[in-house]
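Asks:
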Amino acid sequence: MDCSLYFVIPIRHHATIRDWDVVQRNLSQTLASISAQTTANWECRLVASHGSVLPPLPPRCVARFIDLPAPVLPDRRTDPEAYFDEIRRDKGLRIHEGVRDVPPEAFVMPVDYDDFVSNRLAEFVLRNRAAAGWYFPQGYLHSGGRWVYLTHRLHKTCGTSHMIRRGVLGAFKTPEGTPDIPAIKRRLGSHLFNLPDLAKTRNALAPLPFPGAVYRIGDPQSAIGTGAGIFATMTPPAHLLHHPINGLRRVARYRPLTAKIRQEFSLL
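All the letters of the sequence shown, read from the start, carry residue numbers 364 to 631 under this note's numbering.
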């Protein structure tokens, strides 16, 4: 079967990670989630720096190693804009390595190395290949345990939240033939800009009509450093006290982690 969906996992430089064993464990779970697709029209590409030790890769998952040095990150507290700009540059260049030779008619989906994806994505792409792509408003937040939080803003908070036709993303080359770093940072290094940018064109993204991913929070090894769990993040006591109506709306979005959700996202 022809490959119509490429999952691309950018993996941070190992020198910037405090506990690589945690990264490998989370990555193995992410790969199991991707590998559970109900159709075979997909490939997963992992992009890591030379020297990074990866877990065993399932079938249809391949690794690409690049000579990209560890980013030197400014202090996030004193210069957050410079900090996130460097994050976008590093992530964008890694994703670019994974998508540079994807056919223009195929779709690409960046996946953070600690998230989970629906097993319906490849089949959905197979049935809708004329589309420009999709963003994921619906998804779940999970930090372990028996509960998930249903969000309708996943595409604003999680990098695992878009599938876009490769030809729509552009060439990422300057007229001189060198990598277009500003475009790479904007379109590949961030999940925030493609939706509004493409909304102005004939290639506007459509909302995925079902929850597409589970955003793992509470992992201090992530680039954003989400160390708190879903309850402390989404319904902290201070928020419930000062914004009771909004707080109750948030409480109503908790869902039990059912067998159906576990199976669809490989949350085992």
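For glycine and all other residues, C-beta sits at the position ideal for the given N, C-alpha and C.
Once the 5 residues before and after Val511 are set aside, which same chain residues still bring their CB inside 6 Å of it?
Replies: Answer for Val511: Tyr503, His505, Arg618 and Leu620, listed in chain order.
Asks: Say the cut is 7 Å; is the CB of Val416 nearer than that to a heavy atom of the ligand GDP?
Replies: You won't find the ligand GDP in this model; it holds no ligand whatsoever.
Asks: Are the region 435-449 and the region 523-532 touching, with three or more C-beta to C-beta distances below 8 Å?
Replies: With a cut-off of 8 Å, the region 523-532 and the region 435-449 do not count as touching, because too few Cβ pairs lie within range.
Asks: Based on the DSSP secondary-structure assignment, which residues constitute the bridge partners of Phe370?
Replies: For Phe370, which the question treats as bridged, DSSP gives the partners Cys407 and Met472.
Asks: How would you write the range of the beta strand (DSSP E) that Val577 sits in, first residue to last?
Replies: Residues Ala576 to Arg579.
Asks: Roughly how many whole angstroms lie between the Cα atoms of Pro432 and Ser412?
Replies: The alpha-carbon atoms of Pro432 and Ser412 are separated by roughly 8 Å.
Asks: When you compare only the Cα positions, how much space is there between Asn404 and Asn609?
Replies: Near 42 Å, if we compare the C-alpha coordinates of Asn609 and Asn404.
Asks: Take Arg423 and list the residues in its own chain whose beta-carbon comes closer than 8 Å to its own, dropping the five residues that flank it on each side.
Replies: Contacts found: Ser398, Ala403, Trp405, Glu406 and Cys407.
Asks: Which of the three DSSP states, helix, strand or coil, is assigned to Gly522?
Replies: Looking at Gly522 - three-state DSSP - the assignment turns out to be coil, as it is neither helix nor strand.
Asks: Write down the C-beta distance between Val314 and Val416 rounded to the nearest angstrom, noting that I regard them as a contact closer than 8 Å.
Replies: Lying outside 364 to 631, the shown extent of the chain, residue 314 is not represented and no answer is given.
Asks: Please confirm whether Val474 and Thr523 have their CB atoms less than 8 Å apart.
Replies: Their beta carbons are under 8 Å apart, which means Val474 touches Thr523 by this criterion.
Asks: May I have the straight-line CA-CA distance separating Pro544 from Met597, to the nearest angstrom?
Replies: In the sequence under discussion, the amino acid at residue 544 is Ile, which differs from the Pro named in the question. For Ile544 and Met597, the distance between alpha carbons rounds to 35 Å.
Asks: Under 8 Å by Cβ, that's how I've got Leu489 and Ser367 pegged, so tell me the actual separation to the nearest angstrom.
Replies: With a Cβ gap of about 6 Å, Leu489 and Ser367 count as contacting.
Asks: Which term fits Glu539, buried or exposed, when burial requires 16 or more other beta carbons within 10 angstroms of its beta carbon?
Replies: It counts as exposed.
Asks: Would you identify the three-state DSSP class for Thr621, choosing helix, strand or coil?
Replies: Residue state, collapsed to three classes: coil.
Asks: If contacts are defined as beta-carbon pairs under 8 Å, then Val614 and Phe479 qualify, I think. What distance do you get, rounded to the angstrom?
Replies: Between Phe479 and Val614 the Cβ distance is about 23 Å, and since that is not below 8 Å, they are no contact.
Asks: For Pro633, which option in Phe499, Ala534, Arg427 and His376 has the closest C-alpha, if you only look at C-alpha atoms?
Replies: Any property of residue 633 remains undetermined from this structure, which presents the chain solely from 364 to 631.
Asks: Helix, strand or coil, according to DSSP, for Ser396 in the structure here?
Replies: In this structure, Ser396 counts as helix in the three-state DSSP scheme.
Asks: Whole angstroms is fine: what's the gap from Ala330's alpha carbon to Leu604's?
Replies: Lying before the first or after the last residue shown, residue 330 is absent from the chain, which here runs from 364 to 631.
Asks: Give every residue of the same chain whose Cβ lies closer than 8 Å to the Cβ of Val425, excluding the five residues on either side of it in the sequence, and list them in chain order.
Replies: Closer than 8 Å at the Cβ level, and outside the excluded window around Val425, lie Glu406, Cys407, Arg408 and Leu409.
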